[in-house]
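Counting in the working numbering, the sequence shown runs from 2 upward without gaps.
Glycine included, each C-beta is placed from N, C-alpha and C at the ideal position.
Note that the coordinates shown come from a computational prediction; the quantities given were computed from them, not determined experimentally.
Notes follow once the structure below has been shown.
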Amino acid sequence: MSERMSGTLVSQKIQTEIAAELQIWIQKKWMMPKLSVILVGEDPASQVYVGHKEKMCQALGFSSEVIRLNAEVSESEIISEIQKLNLDTHVDGILIQLPLPSHINERLVLETVSADKDADCLTEKNLGRLLTGTAKVLPCTPSGVIEIFKFYKINLLGKNIAVIGRSLIVGLPLFQLLTKENATVTLFHSKSENLKQQIKNFDIVCVAIGKPEFFKATDFKVDAVVIDVGIHRIENKLTGDVNFTEFKNLKAYTPVPGGVGPTTIAILMKNTLALAKERRQK
Ligand code: NAD
Numbered sequence: 002m003s004e005r006m007s008g009t010l011v012s013q014k015i016q017t018e019i020a021a022e023l024q025i026w027i028q029k030k031w032m033m034p035k036l037s038v039i040l041v042g043e044d045p046a047s048q049v050y051v052g053h054k055e056k057m058c059q060a061l062g063f064s065s066e067v068i069r070l071n072a073e074v075s076e077s078e079i080i081s082e083i084q085k086l087n088l089d090t091h092v093d094g095i096l097i098q099l100p101l102p103s104h105i106n107e108r109l110v111l112e113t114v115s116a117d118k119d120a121d122c123l124t125e126k127n128l129g130r131l132l133t134g135t136a137k138v139l140p141c142t143p144s145g146v147i148e149i150f151k152f153y154k155i156n157l158l159g160k161n162i163a164v165i166g167r168s169l170i171v172g173l174p175l176f177q178l179l180t181k182e183n184a185t186v187t188l189f190h191s192k193s194e195n196l197k198q199q200i201k202n203f204d205i206v207c208v209a210i211g212k213p214e215f216f217k218a219t220d221f222k223v224d225a226v227v228i229d230v231g232i233h234r235i236e237n238k239l240t241g242d243v244n245f246t247e248f249k250n251l252k253a254y255t256p257v258p259g260g261v262g263p264t265t266i267a268i269l270m271k272n273t274l275a276l277a278k279e280r281r282q283k
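Structure below.
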């Protein structure tokens, strides 16, 4: 039977763990963690994601703020906002909601975030730490994928896993985290030849290509486990990189919505808590 792996359940588990830790914070009279999000422009999807992040902060008792900048804002204005957040002793985690408008150098902006407040592990320093195994927090989406595997007891050790997509925010760090779990990982991307033929060989496939319903469930091996990272809003309906209508050949899969998305946000909270804890203990 095919299992629908609920990211919402994984998210709830992570939130329960955070709430339990916050009980200790209350006893210690520590200030609650604070997450600051920078949102540039009016992209409807980004507005929705930021709304979800704010809601989870509220539910957990975190402080949060969203700094909204208009789409025409200059690079130097964004950088100056980030510098203020870096210096603000009340701010524990900073998240730059991506994508940024095309006139902004994304790498330059991300690099301005203090590595100690980098809640999505996107600075060069923290990406380097990810490789050396010394990262304080892990990138939210890939780390959430690992949590889903663990929650559903999917054995990764020694498994041949395909990751499709090589972005710095999903594919590459996911490759690294799965390798750390002792899987044998193959990274596919837009220049890979015979992709649909090749993925038939993998028991576990993580798809993060950003193309709505590019794959269908029957493109994968019988009894494969498929993680769909993609998220797209089409005519007000959410869908992923995979169309799971005929999912019965699969062992397990993550739906969109209700899969990787909620887990990603819960990890953002976990990361903010970890960064805040480090600051409280200083
Ligand atoms: P991206 O556009 O930065 O990267 C896409 C990658 O896919 C590239 O490396 C490219 O080489 C590869 N690719 C593109 N077309 C391909 C093809 N036909 N065959 C094989 N590889 C191909 O995207 P991203 O930021 O990594 O995001 C990927 C998807 O995941 C998007 O839909 C995004 O919205 C979604 N996403 C979801 C979450 C979440 O929390 N659920 C978080 C981040 C991203």
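Around the Cβ of residue i, are there at least 16 other Cβ atoms within 10 angstroms (buried) or fewer (exposed)?
| i | result |
| --- | --- |
| residue 81 | exposed |
| residue 223 | exposed |
| residue 79 | buried |
| residue 132 | exposed |
| residue 12 | buried |
| residue 127 | buried |
| residue 157 | buried |
| residue 256 | buried |
| residue 45 | exposed |
| residue 27 | exposed |
| residue 283 | exposed |
| residue 98 | buried |
| residue 15 | buried |
| residue 32 | exposed |
| residue 177 | buried |
| residue 271 | buried |
Start and end of the beta strand (DSSP E) containing residue i?
| i | result |
| --- | --- |
| residue 19 | Run containing residue 19: none in the beta strand (DSSP E); it sits in the alpha helix (DSSP H), 8-29. |
| residue 41 | 35-41 |
| residue 139 | Here residue 139 belongs to no beta strand (DSSP E), and DSSP marks it neither H nor E. |
I'd like to confirm the pairing. Which residues does DSSP put opposite residue i in its beta bridges?
| i | result |
| --- | --- |
| residue 253 | 4, 226 |
| residue 163 | 187, 206 |
| residue 171 | In the DSSP output, where bridge partners are listed per residue, residue 171 has none listed. |
| residue 238 | 235 |
| residue 217 | 244 |
| residue 93 | Its beta-bridge partners do not exist; DSSP assigns none. |
| residue 121 | According to DSSP, which records beta bridges pairwise, residue 121 is partnered with nothing at all. |
Give a yes or no on whether the C-beta atoms belonging to residue i and residue j are separated by under 8 angstroms.
| i | j | result |
| --- | --- | --- |
| residue 145 | residue 232 | no |
| residue 72 | residue 42 | yes |
| residue 263 | residue 90 | no |
| residue 251 | residue 75 | no |
| residue 241 | residue 6 | no |
| residue 30 | residue 276 | no |
| residue 124 | residue 109 | no |
| residue 140 | residue 174 | yes |
| residue 147 | residue 182 | yes |
| residue 155 | residue 226 | yes |
| residue 197 | residue 220 | yes |
| residue 207 | residue 228 | yes |
| residue 113 | residue 265 | no |
Near residue i, what residues of its chain come up, given a Cβ to Cβ distance below 6 angstroms and the 5 sequence neighbours on each side ignored?
| i | result |
| --- | --- |
| residue 179 | 162, 186 |
| residue 209 | 166, 171, 172, 230 |
| residue 152 | 11 |
| residue 115 | 87 |
| residue 184 | 157, 160, 162 |
| residue 105 | 76 |
Measure from the C-beta of residue i to each C-beta in chain C and report whether the shortest distance is under 8 angstroms.
| i | result |
| --- | --- |
| residue 145 | Looking at the structure shown, chain C is missing, and only one protein chain is on hand. |
Closer than 7 angstroms by C-beta to residue i: which residues in its own chain qualify, once you throw out the five before and the five after it? Chain order, please.
| i | result |
| --- | --- |
| residue 67 | 38, 40, 51, 55 |
| residue 22 | 274 |
| residue 20 | 61 |
| residue 280 | 93 |
| residue 248 | 3, 218, 254 |
| residue 245 | 218, 254, 256 |
Specify, as a first and last residue, the run of the alpha helix (DSSP H) that residue i falls within.
| i | result |
| --- | --- |
| residue 53 | 45-61 |
| residue 70 | Taken as a continuous stretch (DSSP letters only), residue 70 belongs to no alpha helix (DSSP H), being part of the beta strand (DSSP E) at 64-70. |
| residue 264 | 261-281 |
| residue 193 | Per DSSP, residue 193 belongs to no alpha helix (DSSP H) and is neither H nor E. |
| residue 98 | Segment: none, residue 98 is in no alpha helix (DSSP H) and carries neither H nor E. |
| residue 83 | 76-88 |
| residue 109 | 107-113 |
Looking only at its chain, what residues have a beta carbon closer than 8 angstroms to the beta carbon of residue i, apart from the 5 residues adjacent to it on each side?
| i | result |
| --- | --- |
| residue 96 | 36, 37, 38, 39, 54, 120, 121, 269 |
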